[in-house]
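Q: The numbering of the sequence shown is UniProt numbering, which starts it at 1 and goes up by one.
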Amino acid sequence: MAHVQRFDHIGITVADLDSATAFFVGLGLEVEGTGSVEGEFVETVCGIPGARCEIAMLRPPNGGSGLELSSFITPDHVPGSPTAMANELGLRNVSFEVADLQAAVDAVAADGYGLIGGIGEYENSVRMAYVRGPEGMIVSLFEQIG
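(1) Using the C-alpha atoms, what's the distance from T34 back to T21?
(2) What residue from A84, V131, F142 has the CA that sits closest to S125's CA?
(3) In terms of alpha-carbon separation, which member of L91, E135, Q144 lies closest to L17?
(4) Starting from S19, follow the alpha helix (DSSP H) in both directions and report where the run begins and ends.
(5) Quick one: grab the DSSP three-state call for A99.
(6) Report the option in A56, M85, L91 whose CA atom is closest to the CA atom of R132.
(7) Tell me the rounded alpha-carbon separation between G80 and L91.
(8) Could you check where the alpha helix (DSSP H) with F41 kicks off and where it finishes?
(9) Rounded to whole angstroms, what's the CA-CA distance from V45 to G146? Just pull it up for me.
(10) Determine, using beta carbons only, whether A51 and E30 come nearer to each other than 8 Å.
(11) Might you give, ordered along the chain, the residues of its own chain that have their beta carbon closer than 8 Å to the beta carbon of G120, omitting 5 neighbours on each side?
(12) Considering only residues of the same chain and omitting the five flanking positions on each side of P82, which have a CB-CB separation below 8 Å?
(13) If you follow the beta strand (DSSP E) that M137 is in, where does it begin and where does it stop?
(14) Out of S19, I48, L67, E40, which has the shortest C-alpha to C-alpha gap to N93?
Given below as structure tokens:
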């Protein structure tokens, strides 16, 4: 029996919720909702007594899987590696298809977010780039071609 019915969202913990939200809204995601969670539910799920966090849920304009950004108010967040590379264990990247890769890269660059490497092309089918997003996260942007 298959347990998974669909892929709903990926969650990323950030220190600056407003900045991270603005980055992804700039790429075209839409804020589906915001709020805070605390109490027995979040303490049980996270296994962190006294946990309280602010959350922004974002989705692509056409629906589909979402991105949950969380920022812990209590306890203080534990910093990750802001220079993590694709070969480090853990969450590797969050990836989005864009209509125009160069325009998307230029837009995030205007906000101070740069390429990790360069723009690569794979077998005349896709162009892709890794961008270093808010708080060092790797954001993969790709465009279908050909």
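Cβ atoms here follow ideal geometry from the backbone N, Cα and C, with glycine treated the same way.
A: Judging by the given coordinates:
(1) By 1-based counting over the sequence shown, the position of residue 21 is 21. By 1-based counting over the sequence shown, the position of residue 34 is 34. Computed Cα separation, rounded: 10 Å.
(2) Taking the first residue of the sequence shown as position 1, residue 125 is located at position 125. Nearest in C-alpha terms to S125, of all of A84, V131, F142, is F142.
(3) Along the sequence shown, read from residue 1 onward, the residue named residue 17 stands at position 17. Here the closest residue by C-alpha is E135.
(4) Start at 1 with the first residue of the sequence shown, and residue 19 comes out as number 19. Its alpha helix (DSSP H) spans residues 17 to 27.
(5) Residue 99 sits at position 99 when you count from the first residue of the sequence shown. Of the three classes helix, strand and coil, the one that applies to A99 here is coil, per DSSP.
(6) Within the sequence shown, the letter at position 132 stands for residue 132. Of A56, M85, L91, the residue nearest in Cα terms is M85.
(7) Numbered from 1 along the sequence shown, position 80 holds the residue referred to as residue 80. Numbered from 1 along the sequence shown, position 91 holds the residue referred to as residue 91. Distance from the CA of G80 to the CA of L91, rounded to the nearest whole angstrom, comes to 11 Å.
(8) For the purposes of this step, residue 41 is taken as residue 41 along the sequence shown, with counting starting at 1. Looking at the DSSP string, the run of the alpha helix (DSSP H) that includes F41 is 40 to 46.
(9) For the purposes of this step, residue 45 is identified with residue 45 of the sequence shown, where counting begins at 1. For the purposes of this step, residue 146 is identified with residue 146 of the sequence shown, where counting begins at 1. When only Cα atoms are considered, V45 and G146 end up about 45 Å apart.
(10) Here residue 51 refers to the residue found at position 51 of the sequence shown. Here residue 30 refers to the residue found at position 30 of the sequence shown. Note that the C-beta distance between A51 and E30 is not below 8 Å.
(11) What you label residue 120 is simply residue 120 of the sequence shown in a count that begins at 1. Around G120: R127, M128, A129.
(12) By one-based count along the sequence shown, residue 82 stands at place 82. The beta carbon of P82 lies closer than 8 Å to those of E135, G136 in the same chain, with the five residues before and after it left out.
(13) Position 137 of the sequence shown, counting from 1, holds the residue named residue 137. Segment: none, M137 is in no beta strand (DSSP E) and carries neither H nor E.
(14) Position 93 of the sequence shown, counting from 1, holds the residue named residue 93. Closest by alpha carbon: L67.
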